[in-house]
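Number of protein chains: 2
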Amino acid sequence: MKTVNFIPIGIIHTPFYSIKDMPIQGPGGKGIKATIEIYPEFAAGLKDLEGFSHIILLYHMHLVEKHSLIVKPFLDDEKHGIFATRSPVRPNPIGMTTVRLIEIRDSRLIVEDIDMIDQTPLLDIKPCLPMIDDIQGLRLGWLTGKVDQFSQKKSDDRFKSFSDSLEE
Amino acid sequence: MKTVNFIPIGIIHTPFYSIKDMPIQGPGGKGIKATIEIYPEFAAGLKDLEGFSHIILLYHMHLVEKHSLIVKPFLDDEKHGIFATRSPVRPNPIGMTTVRLIEIRDSRLIVEDIDMIDQTPLLDIKPCLPMIDDIQGLRLGWLTGKVDQFSQKKSDDRFKSFSDSLEE
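Chain order of the listed sequences is A and B. 207 is the number that my numbering gives the last residue of the first sequence; the numbers go up by one with no jumps. 207 is the number that my numbering gives the last residue of the second sequence; the numbers go up by one with no jumps.
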């Protein structure tokens, strides 16, 4: 199968140096700031980004060494298919977080509401748009009634090594 | 710089065989159906996905041969930095569309509201969640007042070859 190759466009500096006790998803990291360093060769692509209040970061969850197709996620005691969760141990560990854009200084972005570990390689930035990214009337499957917990729960050792199979 | 390597987890079959006249973004493709074929080795990861009404597809915009840091997007006559747009000619051409999940038949997903070309390699599926993917009070920079046009505009030849530099 043909491999798809990407290159980091920058690196995300965050105050999270270990996987334990990290927020899970943006709401859990509310108010926590990160600095994104965009590499010089991509900095021109930031033109006019400062007008947007929120941006979507796509990044490589680089500590994931092995994926699991069935996982027990943070918000449930049942096991679910990886694609029905936001767990990191995905076949292609692409992280996606919508963050608040505070400021752009040259090729550095100051953002807030983050949930990624320090030194995470950034793959893409997209402006967050209504109509496209906001959907009303969502049906939430196994997550029904549990989504509020994203802002309270912290990660634990469950994905610590990112390499243990969770398919017991 | 270290390359990030991903592998397709499936392929997206759509009725769009050429880049011209494709919808731009999901609202433009409202009601249009696609079939996603998940490769057998990843099909177990679909468990419990059927409970979700909307899913986020991350895919490789495989026809993009060359990126541009400054582009003139479909919704404006001004040029903007690529990261302040949803244009396909990004340094890492990762497409992201939220689609309505209609049905799962074995390892095939029937989805609706699509904007990708036939034979697009799929990289990830994430359930679409409120609080995480819906942000209120967005500031929209150059797109202020233009976002409604996503549902009306079609693509044109602008990114046809996906390889012409738009950095005039």
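Note that CB positions come from ideal geometry on N, CA and C, so glycine has one too. Note that the structure is predicted; figures quoted are calculated from it, not measured.
Would you kindly work out how many angstroms separate the C-alpha atoms of residue i and residue j, rounded to a whole number?
i, j, result
"A/Ile-95", "A/Leu-168", "9 Å"
"A/Thr-53", "B/Pro-54", "42 Å"
"B/Val-150", "B/Val-103", "24 Å"
"A/Lys-118", "A/Pro-112", "7 Å"
"A/Arg-129", "B/Ile-46", "11 Å"
"A/Pro-160", "B/Ile-109", "22 Å"
"B/Gln-182", "A/Lys-59", "The sequence shown places Leu at residue 182 of chain B, rather than the Gln named in the question. One C-alpha to the other measures close to 39 Å."
"A/Lys-105", "A/Gln-158", "19 Å"
"B/Ile-164", "B/Ala-83", "13 Å"
"B/Met-155", "B/Met-61", "8 Å"
"B/Ala-73", "A/Ile-51", "35 Å"
"B/Ser-107", "A/Phe-81", "10 Å"
"A/Ser-200", "B/Asn-44", "Because the pLDDT at A/Ser-200 is just 48, under 50, the model does not fix this residue reliably, and the value given afterwards should be weighed accordingly. Spanning the two alpha carbons is a distance of roughly 20 Å."
"A/Ser-57", "A/Gly-68", "14 Å"
"A/Leu-148", "A/Met-135", "17 Å"
"B/Pro-127", "A/Thr-42", "19 Å"
"A/Asp-115", "A/Thr-137", "23 Å"
"B/Gly-184", "A/Gly-184", "34 Å"
"A/Asp-145", "B/Arg-178", "21 Å"
"A/Pro-79", "B/Ile-141", "43 Å"
"B/Pro-166", "A/Pro-166", "20 Å"
Is residue i helix, strand or coil by DSSP?
i, result
"B/Ile-51", "strand"
"B/Ile-153", "coil"
"B/Lys-45", "The identity of residue 45 of chain B in the sequence shown is Phe, whereas the question assumes Lys. Looking at B/Phe-45 - three-state DSSP - the assignment turns out to be strand."
"A/Leu-97", "strand"
"A/Leu-85", "helix"
"B/Phe-91", "strand"
"B/Pro-79", "helix"
"A/Leu-168", "coil"
"B/Ile-133", "strand"
"A/Leu-276", "Any property of residue 276 of chain A remains undetermined from this structure, which presents chain A solely from 40 to 207."
"B/Ala-161", "Per the sequence shown, residue 161 of chain B should be read as Leu rather than Ala. Three-state result, B/Leu-161: strand."
"B/Gly-120", "strand"
"B/Leu-32", "Residue coverage of chain B in this structure runs from 40 to 207, which leaves residue 32 of chain B outside it and unanswerable."
"B/Leu-182", "helix"
Give the C-beta separation of residue i and residue j to the nearest angstrom, bearing in mind that I take them to be a contact with Cβ-Cβ under 8 Å.
i, j, result
"A/Ile-143", "A/Leu-85", "6 Å"
"A/Ile-48", "B/Asn-131", "7 Å"
"A/His-99", "A/Ile-133", "7 Å"
Would a C-beta distance cut-off of 8 Å place residue i and residue j closer than the cut-off?
i, j, result
"B/His-255", "B/Arg-139", "Residue 255 of chain B lies beyond the range of chain B shown here (40 to 207); nothing can be said about it."
"B/Phe-122", "A/Leu-88", "yes"
"A/Ile-153", "A/Ile-77", "no"
"A/Gly-120", "B/Phe-91", "no"
At a cut-off of 7 Å, is residue i close to the ligand SAM when judged by its beta-carbon and the heavy atoms of the ligand?
i, result
"B/Ile-50", "Only the bare structure without any ligand can be found here, which leaves the ligand SAM out of the picture."
Counting only C-beta atoms, is residue i closer than 8 Å to chain D at any point?
i, result
"A/Phe-113", "Although the question refers to chain D, the structure presented lacks it and instead comprises the protein chains A and B."
Chain B contacts made by the region 115 to 129 of chain A, where a contact means CB separation under 9 Å: Only Glu-117, Lys-118, His-119, Gly-120, Ile-121, Phe-122, Ala-123, Thr-124, Arg-125, Arg-129 from the region 115 to 129 of chain A bring a Cβ to less than 9 Å from some Cβ of chain B.
Of all the residues that make up the region 83 to 108 of chain A, which are near chain B by a beta-carbon distance shorter than 9 Å? Listed in chain order, the positions of the region 83 to 108 of chain A with a beta carbon within less than 9 Å of a beta carbon of chain B are Ala-83, Gly-84, Leu-85, Lys-86, Asp-87, Leu-88, Glu-89, Gly-90, Phe-91, Ser-92, His-93, Ile-94, Ile-95, Leu-97, His-99, His-101, His-106, Ser-107, Leu-108.
By the 8 Å beta-carbon criterion, what residues does the region 151 to 165 of chain B contribute toward chain A? Taking 8 Å as the Cβ-Cβ cut-off against chain A, the residues of the region 151 to 165 of chain B that qualify are Pro-160, Leu-162, Asp-163, Ile-164, Lys-165.
Identify each residue in the region 41 to 54 of chain B for which the Cβ-Cβ distance to at least one residue of chain A is less than 8 Å, and report them in chain order. For the region 41 to 54 of chain B, residues whose beta-carbon sits nearer than 8 Å to a beta-carbon of chain A comprise Lys-41, Thr-42, Val-43, Asn-44, Phe-45, Ile-46, Pro-47, Ile-48.
Could you please tell me which residues of the region 134 to 145 of chain A, in chain order, have their CB closer than 7 Å to any CB of chain B? Using a CB distance below 7 Å, the part of the region 134 to 145 of chain A facing chain B consists of Met-135, Thr-137, ordered along the chain.
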